[in-house]
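Encoded as C-alpha cells, the structure appears first; notes follow it.
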DNA sequence: TGCAATTTCTTTAAACTTCAAGCAATTGGC
DNA sequence: GCCAATTGCTTGAAGTTTAAAGAAATTGCA
C-alpha cells in the first residue's frame, strides 16, 4: 500500500526508521545518565566509573570472584579487567590470591576498607539514580523494566544468531 | 507499614532498589547492543563506533558543522572530538575549513567519498538495529519510545538541578 | 599416557575518553 | 576604545577500552 509523500507510507522498501530512533533514544538516555553518574562519582568521591562498577560486582559476593567472571559480568574485555584490578589492588581496595587447584585462576575480593568505601559510595549512588528517575511513576518503572527485559532478550537472540 | 523480612516491606528507609535495577537493565541493554554494533562495524567495514557516530552526525546536515556542535550532539568532550576529526580528515573522510567571520571556528564536513562510504554503512547499520529489536511489536516500540522520552526528561531535570 | 584443544590471564599497540590547563579570537559592558 | 569575560579549539596527562597475540595451566580424549 504505497500512497504519496504526505501519508508517509512511501518509506518502503523496508522502513526501519522506528527501530533506529528507538536505539538512538536508548543510547541518549544511557549516555546522559552515565555522564551524570561519572561526574558525581568524581566530584564526591574522586573515583572513576569503571572502578566503581568493578567494585559493585565484587560487593555482590562475599568470597571473591575470578577475573573472567568479572569481565563477563562487566561485559568488557579480559585485558581491561587485568588493568583495572591491578590499579585497585595497588590502591588497597582489592585483594587477589591465586587458586590452589588451578594456578591460572586469580580470586579477587574487596578488602575491608575497599568494601567500606564502596558501601558509602553505593548508598549515595542509589539516591542519585532514584533522583534521575523520579519523574517516573511506579507503573512507568514496571513497564520500562518489562519492555527492556524484552529488548534485552531480543538483542541477545540477534547477537547469538550472528556469532553462530 | 513495616512488616517482616519475608514480606519485603522492611527495605526502608528509602527503598530505591527498583530505580537502581531499572538503571542496571537500561545499561545492560545499551552495552549489549553497542557491543554488537561495534563488532559488526569492525567486521564488515573495519571502522570504529566513534568514527561512525561522528560521521552520522555530519551526514544529517549538508553544509557542515563546528567542533562544538559535534561535541554537544555526540555528548562527548571537546578534546575528544578534536582527535576524532583529526584522524578522519587524515583518512580522507572529512574536510575542514576555518570560518571567515570567526577565526576560532572550524567547519567540518563529510567529503564526497566520506559521505558515500557512510551511507553504505548506515544502510547496513539500520538493518542490524531492526534485527536487534525484531522481537518487539510496534506497540512495544511505541511504548518504549514514550517511556524513554519521559526518562530522558527526568534525567535532564536531575542533571540540571545538580549543575545549577 | 600423550598431546591437541581449551581456558585463564597478561601484554601490547592503537584508539578513545575525560579533565584541566592554556591559547587565540570574539563579545559585551563601561 | 578598553578590557574582562566568554567562546572555540588544542594540548597533555592519566585512565579506559578494544583487539589481537601470546604464555601458562588444565582438560579431554584417543
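Protein chains in written order, with the numbering used here: chain F, 328 to 491; chain A, 328 to 491.
Ideal Cβ positions, reconstructed from N, Cα and C, are used throughout, including at glycine.
Treat the numbers as computed from the prediction; the structure is a model and nothing was measured.
| Asked | Found |
| --- | --- |
| Proximity below 8 Å, CB of residue 375(A) to CB of residue 432(A) | no |
| Per-residue burial, residue 469(F) [other beta carbons within 10 Å of its own, 16 or more giving buried] | exposed |
| Paired residues, beta bridge with residue 433(A) - DSSP | 425(A) |
| Within chain A, partners of residue 348(F) - CB distance below 8 Å | 472 |
| Residues that residue 481(A) contacts on chain F, provided the C-beta gap is smaller than 7 Å | 459, 460, 461, 462, 463 |
| Selected residue, minimal CA-CA separation from residue 426(F), among 436(F), 476(F), 403(F), 379(F) | 436(F) |
| Residues near residue 408(A) in its chain [Cβ-Cβ closer than 8 Å; skip 5 each side] | 381, 394, 397, 398, 401 |
| Residue-level contact to chain A via CB, residue 395(F), 8 Å cutoff | no |
| Every unbroken beta strand (DSSP E) inside the segment 355 to 397 of chain F [3 residues or more] | none |
| Closer than 8 Å to chain A by CB, residue 410(F) | no |
| CB contact flag (residue 349(F), residue 472(A), <8 Å) | yes |
| Min CB distance residue 448(A) to chain F below 8 Å | no |
| Cβ of residue 507(F) within 8 Å of any chain A Cβ | What is shown of chain F runs 328 to 491, which leaves residue 507(F) out entirely. |
| Limits of the unbroken alpha helix (DSSP H) element including residue 415(A) | 405 to 417 |
| Local conformation of residue 467(A) per DSSP, three classes | helix |
| Three-state secondary structure assigned by DSSP to residue 343(F) | coil |
| Limits of the alpha helix (DSSP H) - the one that residue 440(F) falls within | 439 to 459 |
| Chain A contact for residue 486(F) (CB, 8 Å cutoff) | yes |
| Rounded separation between residue 459(F) and residue 353(A) - CA only | 13 Å |
| 8 Å Cβ shell around residue 485(A) - same chain, five flanking residues per side excluded | none |
| Residue 481(F), buried or exposed, once every other Cβ within 10 Å from all chains shown has been counted against 16 | buried |
| Inter-residue Cα distance where the pair is residue 385(A) and residue 419(A) | 14 Å |
| Under the three-state DSSP convention, the category residue 402(F) falls into | coil |
| Expected contact under 8 Å - CB spacing of residue 356(F) and residue 443(A) to nearest Å | Residue 356(F) to residue 443(A), Cβ: 32 Å. No contact. |
| Per-residue burial, residue 450(A) [other beta carbons within 10 Å of its own, 16 or more giving buried] | exposed |
| Beta-carbon proximity check, residue 438(F) vs residue 421(F), cutoff 8 Å | yes |
| Residue 339(A) at chain F interface by Cβ criterion, 8 Å | Since pLDDT at residue 339(A) reaches only 49, below the 50 mark, its modelled position is unreliable, and the value read off the structure follows with that caveat. It does not; no Cβ of chain F falls within 8 Å. |
| Beta-carbon neighbours of residue 343(F), restricted to chain A and to distances below 8 Å | 453, 454, 456, 457 |
| Nearest residue (CA-CA) to residue 403(A), options 466(F), 490(F), 465(F), 361(F) | 361(F) |
| Nearest candidate by alpha-carbon position, reference residue 455(A), set 342(A), 351(A), 346(A), 368(A) | 368(A) |
| Residue 488(F) classed as buried or exposed, judged by whether at least 16 other C-beta atoms fall within 10 angstroms | exposed |
| Among 429(A), 351(A), 476(A), the one whose alpha carbon lies nearest that of residue 462(F) | 476(A) |
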